[in-house]
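Student: Before I ask anything, let me first share the structure, which is written out below as structure tokens.
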Amino acid sequence: MGKVGAGGGFQARLSALLAGAGLLVLCVPGVFGGGSCCPPPHPSSAPRSASTPRGFSHQGPPGRAPATPLPLVVRPLFSVAPGDRALSLERARGTGASVAVAARSGRRRRSGADQEKAERGEGASRSPRGVLRDGGQQEPGTRERDPDKATSFRMEELRLTSTTFALTGDSAHNQAMVHWSGHNSSVILILTKLYDYNLGSITESSLWRSTDYGTTYEKLNDKVGLKTILSYLYVCPTNKRKIMLLTDPEIESSLLISSDEGATYQKYRLNFYIQSLLFHPKQEDWILAYSQDQKLYSSAEFGRRWQLIQEGVVPNRFYWSVMGSNKEPDLVHLEARTVDGHSHYLTCRMQNCTEANRNQPFPGYIDPDSLIVQDHYVFVQLTSGGRPHYYVSYRRNAFAQMKLPKYALPKDMHVISTDENQVFAAVQEWNQNDTYNLYISDTRGVYFTLALENVQSSRGPEGNIMIDLYEVAGIKGMFLANKKIDNQVKTFITYNKGRDWRLLQAPDTDLRGDPVHCLLPYCSLHLHLKVSENPYTSGIIASKDTAPSIIVASGNIGSELSDTDISMFVSSDAGNTWRQIFEEEHSVLYLDQGGVLVAMKHTSLPIRHLWLSFDEGRSWSKYSFTSIPLFVDGVLGEPGEETLIMTVFGHFSHRSEWQLVKVDYKSIFDRRCAEEDYRPWQLHSQGEACIMGAKRIYKKRKSERKCMQGKYAGAMESEPCVCTEADFDCDYGYERHSNGQCLPAFWFNPSSLSKDCSLGQSYLNSTGYRKVVSNNCTDGVREQYTAKPQKCPGKAPRGLRIVTADGKLTAEQGHNVTLMVQLEEGDVQRTLIQVDFGDGIAVSYVNLSSTEDGIKHVYQNVGIFRVTVQVDNSLGSDSAVLYLHVTCPLEHVHLSLPFVTTKNKEVNATAVLWPSQVGTLTYVWWYGNNTEPLITLEGSISFRFTSEGMNTITVQVSAGNAILQDTKTIAVYEEFRSLRLSFSPNLDDYNPDIPEWRRDIGRVIKKSLVEATGVPGQHILVAVLPGLPTTAELFVLPYQDPAGENKRSADDLEQISELLIHKLNQNSVHFELKPGVRVFVHAAHLTAAPLVDLTPTHSGSAMLMLLSVVFVGLAVFVIYKFKRKYFHSC
3 MGKVGAGGGF QARLSALLAG AGLLVLCVPG VFGGGSCCPP PHPSSAPRSA
53 STPRGFSHQG PPGRAPATPL PLVVRPLFSV APGDRALSLE RARGTGASVA
103 VAARSGRRRR SGADQEKAER GEGASRSPRG VLRDGGQQEP GTRERDPDKA
153 TSFRMEELRL TSTTFALTGD SAHNQAMVHW SGHNSSVILI LTKLYDYNLG
203 SITESSLWRS TDYGTTYEKL NDKVGLKTIL SYLYVCPTNK RKIMLLTDPE
253 IESSLLISSD EGATYQKYRL NFYIQSLLFH PKQEDWILAY SQDQKLYSSA
303 EFGRRWQLIQ EGVVPNRFYW SVMGSNKEPD LVHLEARTVD GHSHYLTCRM
353 QNCTEANRNQ PFPGYIDPDS LIVQDHYVFV QLTSGGRPHY YVSYRRNAFA
403 QMKLPKYALP KDMHVISTDE NQVFAAVQEW NQNDTYNLYI SDTRGVYFTL
453 ALENVQSSRG PEGNIMIDLY EVAGIKGMFL ANKKIDNQVK TFITYNKGRD
503 WRLLQAPDTD LRGDPVHCLL PYCSLHLHLK VSENPYTSGI IASKDTAPSI
553 IVASGNIGSE LSDTDISMFV SSDAGNTWRQ IFEEEHSVLY LDQGGVLVAM
603 KHTSLPIRHL WLSFDEGRSW SKYSFTSIPL FVDGVLGEPG EETLIMTVFG
653 HFSHRSEWQL VKVDYKSIFD RRCAEEDYRP WQLHSQGEAC IMGAKRIYKK
703 RKSERKCMQG KYAGAMESEP CVCTEADFDC DYGYERHSNG QCLPAFWFNP
753 SSLSKDCSLG QSYLNSTGYR KVVSNNCTDG VREQYTAKPQ KCPGKAPRGL
803 RIVTADGKLT AEQGHNVTLM VQLEEGDVQR TLIQVDFGDG IAVSYVNLSS
853 TEDGIKHVYQ NVGIFRVTVQ VDNSLGSDSA VLYLHVTCPL EHVHLSLPFV
903 TTKNKEVNAT AVLWPSQVGT LTYVWWYGNN TEPLITLEGS ISFRFTSEGM
953 NTITVQVSAG NAILQDTKTI AVYEEFRSLR LSFSPNLDDY NPDIPEWRRD
1003 IGRVIKKSLV EATGVPGQHI LVAVLPGLPT TAELFVLPYQ DPAGENKRSA
1053 DDLEQISELL IHKLNQNSVH FELKPGVRVF VHAAHLTAAP LVDLTPTHSG
1103 SAMLMLLSVV FVGLAVFVIY KFKRKYFHSC
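For the sequence shown, my numbering begins at 3 and goes up steadily by one.
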């Protein structure tokens, strides 16, 4: 989870670009946080909806029902698996982008003439290089070929039934969202938009609707409002007749709602701007809406009315309840930020989410952007001591810390899957940089064991992490992974959830039938397991639940995975053997339950042909689907089980309208299949028929039969196998050795598993093995390898620790601090626990179980407290100590020091704090020309200045995570004069007692003195002192011009001082504070010592007198503040 969302993130963000194909692509923003593998066409304003497959991320589990997929950028060919219901398209802006991408793929571009010939089927050199059925001959001088093993291609051009419709008037529109309403429905909706990349907004939109499977379309702009600009299309996942359209928030914030598959709409105004929607997985009218200002709203009326749930919600960290784990179907899980930036995990009911009705299932804070609610599991992350810690709740029970091998020390984690009551996770350990280790858990998601090391990862275009792991659809427990070995990436396959892995056997022959010399383990087949957003780059792999034996992927044969010399391969026996089908990348779709494969070539040029295979990729026939070559932007298959209608989206040129080609494949079938058209096929792994503890036999259509399958029949038979050692993996804390045995790791104490039980009770004593989850084997060695119930041994307490819940050593005065007591061994039910908080308060507990939720305490004073805990049982005792720093937030720092001082005299500087008692502090002092600071634990320092001039002093005070500072300037001279000033009482009425006001008034007083006496301003410094009544200090300074001449003598300073006193006593110094308010400045007479130094040099006693005046003024200020505010506490 690195960050149950970021740069190290529990960030379980999966984005499957081929939804429903079983692809596992993990997408993490750069800290378990934001970003997507599928960027919206206009990221500034496009809302996001959940579209990822079930069980693979916080966006895609049952609690996050899909509406429409995230917008996909496709240029110019992209196919969506037939299981999808919607597609987003973006037209390439000119040929430059297409050509550039095609060049990067390493394929030679054809000329227009070459392409035209290829489309007509002229010239074997331009055809797929397999065995030609119509007149193809073997080239002379080649080795003997095996035609039976070669992939054959029929070059005779056949014609598919198709119709073309142009979206007239939308030629400038460069984005489209397409939605096929659903099974047994003929309705298709298309929203086209003109997105201005310069303005960053949508300037036009059109809504189209078809009721005949895409043969014709009607423009609905008049039904939604001719001036209305639409930005997004949503479809209710549980009732496809309900459609929701969002208007462009740049123009207005409104919803348009349809309950008749988009035929008519009602418009509803909103008082917030929607960023994303989340539909309830069961209740069709329940929706969550996330606003652009991070507020979460709920609607129980399909968007007609909205109610605020919570403010400060973290983006994409909100979820509906999961049936079977939550009793209330309207429960909402969310992560909310506090004003100080912390995050909480909260739950509440959608229509009653008041503060009193909110619950906090995880005590304390969690790391920002880390909450994931997926199936029966809830995950959070909490970082303490610089290390991330991951917690899981299974079926909404209490959170437990996830246990990886002791020295895994993860720096990043991603939850891959929570299917079948088990967690599959990818973990980047402390010594890994571009690879991850795969771990698989027990049912509770607590104890993890290693499944595969060093799986390759890469970064997507938005910085998201993509891990090379693919779950094959239709066969549980079957995965493909790309593992890095000695800087080479190789593809491995497992049939038992990672218990055993092996390399892929390369095909026996190539596309032409020539033998392939590839010997394991030095040479094997390697596949690209991630689907790219860019269709020209490698990364095509597909499988389907209803065709469990067929896998189509791009890859290469050799010693390692390569990005060059990419070909297409197919397996029709679940990965045991492979066949090369194309030498260039194609998008492959499954029709008729996988009975027919459709391949469309990736090319930057227009095409009008595709390839069909009725025998699982052994032979291919060429079909034309349009009479005019088309730049293909996307393909969408009919929803439902049969998938016999396909819509191809494209354009004839980069400036033409969108062209919608409806292709109907029903005409290629002679009839529906009968029982005699099928043959049995047994799932196996290199001849081993027991897969995940069962033998499974499926029905397959005979390759020579060209009939339509219709509904998927599934497995014909499933028979459990007798358990063997191969059905068991190593348990937590155990490692498999070369002899196949699972033995304890060096760091693991097997007896520690009994620490949570009491004398007289029983616990499950591990044998070192655990059966692979979802494995269906019976009998055999099951009893031998299964954990045995054993009486709990009596143990003395050992390994006692006391820590804070957040792992910090600080707490805030007056706030709850939660302490956790941890014990490695001991009878938890019969152990007495005594906790002394160090502030005179102590508590006792009769057993450790009563402290599971933590021990809460509030400290009323600041300081360092010695917290001790002691546990005792009949066999012994143990104790632990925690030194806890209790602090109060530091609000203000004031640096107190003289305004003027004499050269070579000691100066005292004091940092005055508010409040005065905040706990342990560190002071950092910067003064004079020193390049290194002085660091102290005391709030006062003394120093000397050896030269005249103006000097700056800064103090920084560090209190916990807060650092405050204050800066003052002090004038240094060999001699000066000073005088205390007072003012007419009316000035106090306007004194807010803040530094800025004092500086401004000091400037006004100085100006008044200069005007009244004619003394140059360089000789005068006025400092208004803090507190009331308002007073100030007047300093007469010796001024020396830049040339170093005309420096005033002591007699000159004396004359200036007498002049100033004379004018002050005559009330000649005054200023107007505001109209009608005149303030007079006086020389203060009631002083403990002369304020004007009459001696030739400024004596040490005079300096002490000056400092005493400043501190007396400060004392008056502090006393007066207490008098006015009575008492201030934290």
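Note that beta-carbon positions come from the ideal geometry of N, C-alpha and C, so glycine has one too.
Could you please give the first and the last residue of the uninterrupted alpha helix (DSSP H) stretch that includes residue 224?
Tutor: By 1-based counting over the sequence shown, the position of residue 224 is 222. Taken as a continuous stretch (DSSP letters only), the alpha helix (DSSP H) holding residue 224 covers 223-226.
Student: Is the region 176-193 touching the region 232-251, taking contact as three or more C-beta pairs under 8 angstroms?
Tutor: Because the criterion of three Cβ pairs below 8 angstroms is met, the region 176-193 and the region 232-251 touch.
Student: Hey, quick one: how far does the alpha helix (DSSP H) through residue 2 stretch, first residue to last?
Tutor: No information on residue 2 is available, as it lies outside the stretch 3 to 1132 that the chain covers here.
Student: Which of the three DSSP states, helix, strand or coil, is assigned to residue 686?
Tutor: Position 684 of the sequence shown holds residue 686. Note: residue 686 maps to coil in three-state DSSP.
Student: Expressed to the nearest angstrom, what Euclidean distance is found between the alpha-carbon atoms of residue 492 and residue 557?
Tutor: Position 490 of the sequence shown, counted from the start, is the residue given in the question as residue 492. Position 555 of the sequence shown, counted from the start, is the residue given in the question as residue 557. If I take the Cα positions, the gap works out to 11 angstroms.
Student: Taking 8 angstroms as the limit between beta carbons, can you name the residues of its chain near residue 846, skipping five residues before and five after?
Tutor: Numbered from its first residue, the sequence shown carries residue 846 at position 844. 834, 835, 836 and 837.
Student: Do you know whose CA, among 1009, 467, 974 and 658, lies nearest residue 950's CA?
Tutor: What you label residue 950 is simply residue 948 of the sequence shown in a count that begins at 1. Among 1009, 467, 974 and 658, the Cα nearest to that of residue 950 belongs to 974.
Student: Does residue 1066 come out as helix, strand or coil in the three-state DSSP assignment?
Tutor: For the purposes of this step, residue 1066 is identified with residue 1064 of the sequence shown, where counting begins at 1. DSSP places residue 1066 in helix when its eight states are reduced to three.
Student: What residue range does the alpha helix (DSSP H) around residue 582 cover?
Tutor: In the sequence shown, residue 582 corresponds to position 580, counting from 1. Careful: residue 582 lies outside any alpha helix (DSSP H), inside the beta strand (DSSP E) at 581-584.
Student: Counting only the same chain and skipping the five closest in sequence on each side, list residues whose C-beta sits under 8 angstroms from that of residue 262.
Tutor: Along the sequence shown, one-based indexing puts residue 262 at 260. 243.
Student: In three-state DSSP terms, what is residue 851?
Tutor: As a working mapping, residue 851 is identified with position 849 in the sequence shown. Residue 851: helix per DSSP, three-state reduction.
Student: With DSSP as the reference, please indicate the residues paired to residue 232 in a beta bridge.
Tutor: Here residue 232 corresponds to residue number 230 of the sequence shown, with the count starting at 1. DSSP lists 249 as partners of residue 232.
Student: How far does the beta strand (DSSP E) with residue 490 in it reach, from first residue to last?
Tutor: Against the sequence shown, residue 490 aligns to sequence position 488. Its beta strand (DSSP E) spans residues 490-496.
Student: Tell me residue 348's beta-bridge partners as DSSP assigns them.
Tutor: Counted from its first residue, the sequence shown places residue 348 at position 346. 336.
Student: Taking the Cβ atom as the reference point for each residue, do residue 922 and residue 815 lie within a distance shorter than 8 angstroms?
Tutor: As a working mapping, residue 922 is identified with position 920 in the sequence shown. As a working mapping, residue 815 is identified with position 813 in the sequence shown. Not in contact: residue 922 and residue 815 (Cβ atoms no closer than 8 angstroms).
Student: Between residue 400 and residue 393, what straight-line distance do the alpha-carbon atoms span, to the nearest angstrom?
Tutor: By 1-based counting over the sequence shown, the position of residue 400 is 398. By 1-based counting over the sequence shown, the position of residue 393 is 391. The straight-line gap from Cα to Cα measures roughly 10 angstroms.
Student: Quick one: measure Cβ to Cβ for residue 331 and residue 284, integer angstroms, because I've assumed they're closer than 8 angstroms.
Tutor: Within the sequence shown, the letter at position 329 stands for residue 331. Within the sequence shown, the letter at position 282 stands for residue 284. Sure, about 6 angstroms apart at Cβ, within 8 angstroms.
Student: Can you give me the start and stop residues for the alpha helix (DSSP H) that residue 785 sits inside?
Tutor: Within the sequence shown, numbered from 1, the residue matching residue 785 stands at position 783. Segment 784-787, the alpha helix (DSSP H) holding residue 785.
Student: Within the same chain, show all residues whose beta-carbon is closer than 7 angstroms to that of residue 800, passing over the 5 residues directly before and after it, in chain order.
Tutor: Here residue 800 corresponds to residue number 798 of the sequence shown, with the count starting at 1. Counting only Cβ-Cβ distances below 7 angstroms, and skipping sequence neighbours, we find 826, 827, 828 and 880.
Student: Whole angstroms is fine: what's the gap from residue 115's alpha carbon to residue 607's?
Tutor: In the sequence shown, the residue the question calls residue 115 occupies position 113. In the sequence shown, the residue the question calls residue 607 occupies position 605. Caution applies to residue 115, whose pLDDT of 40 falls short of 50 and renders its modelled position unreliable; the value that the coordinates give is listed next. Roughly 11 angstroms separates the two Cα atoms.
Student: Residues in its own chain within less than 7 angstroms of residue 711 by CB, not counting five upstream and five downstream?
Tutor: For the purposes of this step, residue 711 is identified with residue 709 of the sequence shown, where counting begins at 1. 594, 595, 597, 675 and 703.
Student: Would you identify the three-state DSSP class for residue 1058, choosing helix, strand or coil?
Tutor: By 1-based counting over the sequence shown, the position of residue 1058 is 1056. In the structure shown, residue 1058 sits in a helix (DSSP, three-state: H, G or I).
Student: Which word fits residue 729, buried or exposed, when buried means at least 16 other C-beta atoms lie within 10 angstroms of its C-beta?
Tutor: Along the sequence shown, one-based indexing puts residue 729 at 727. Its Cβ being crowded by 16 or more others within 10 Å, residue 729 is buried.
Student: Run through DSSP, which three-state label would residue 992 get?
Tutor: As a working mapping, residue 992 is identified with position 990 in the sequence shown. Looking at residue 992 - three-state DSSP - the assignment turns out to be helix.
Student: Could you name each continuous beta strand (DSSP E) segment of 3 residues or more that falls completely within the region 723-755, going from the start of the chain to the end?
Tutor: Within the region 723-755, the complete beta strand (DSSP E) runs of at least 3 residues are 730-732, 736-738 and 744-746.
Student: Put residue 1133 into one of helix, strand or coil per three-state DSSP.
Tutor: Any question about residue 1133 goes unanswered here, given that the chain covers just 3 to 1132.
Student: Can you list, in chain order, the residues of its chain whose CB lies under 8 angstroms from that of residue 622, leaving out five sequence neighbours each side?
Tutor: For the purposes of this step, residue 622 is taken as residue 620 along the sequence shown, with counting starting at 1. Closer than 8 angstroms at Cβ, skipping near neighbours: 130, 132, 153, 154, 155, 156, 583, 601, 613, 614 and 615.
Student: Within this structure, are the beta carbons of residue 1 and residue 794 separated by less than 8 angstroms?
Tutor: Residue 1 cannot be examined here, being either before or after the span of the chain that is shown, 3 to 1132.
Student: Note down the Cα distance separating residue 894 from residue 256, rounded to an integer number of angstroms.
Tutor: Numbered from its first residue, the sequence shown carries residue 894 at position 892. Numbered from its first residue, the sequence shown carries residue 256 at position 254. Approximately 47 angstroms between the Cα atoms of the pair.
Student: Residue 372 and residue 383: beta carbons closer than 8 angstroms?
Tutor: Along the sequence shown, read from residue 1 onward, the residue named residue 372 stands at position 370. Along the sequence shown, read from residue 1 onward, the residue named residue 383 stands at position 381. Against a cut-off of 8 angstroms, the Cβ pair of residue 383 and residue 372 comes out as a contact.
Student: Short of 7 angstroms in beta carbon distance, which residues of its chain neighbour residue 1081, apart from the five on each side in sequence? Order them along the chain.
Tutor: In the sequence shown, the residue the question calls residue 1081 occupies position 1079. The residues are 985, 986, 988, 989, 1072, 1073 and 1075.
Student: Mapping the DSSP letters down to three states, classify residue 341 as helix, strand or coil.
Tutor: Position 339 of the sequence shown, counted from the start, is the residue given in the question as residue 341. Correct three-state label for residue 341: coil.
Student: CB-CB under 7 angstroms to residue 797, same chain, minus the five flanking residues each way: which ones, in chain order?
Tutor: Within the sequence shown, numbered from 1, the residue matching residue 797 stands at position 795. 827, 828, 829 and 877.
Student: Sort out for me which residues DSSP pairs residue 442 with in a bridge.
Tutor: Here residue 442 corresponds to residue number 440 of the sequence shown, with the count starting at 1. Paired residues: 426 and 451.
Student: Measuring only from the beta carbon, is residue 556 closer than 7 angstroms to any heavy atom that is part of the ligand NAD?
Tutor: Absent from the structure shown: the ligand NAD. Ligands present: none.
Student: Which whole-angstrom value is the C-beta distance of residue 983 and residue 1014, which I expect to be below 8 angstroms?
Tutor: Along the sequence shown, read from residue 1 onward, the residue named residue 983 stands at position 981. Along the sequence shown, read from residue 1 onward, the residue named residue 1014 stands at position 1012. In fact, because the Cβ distance is near 13 angstroms, the residues do not count as touching under 8 angstroms.
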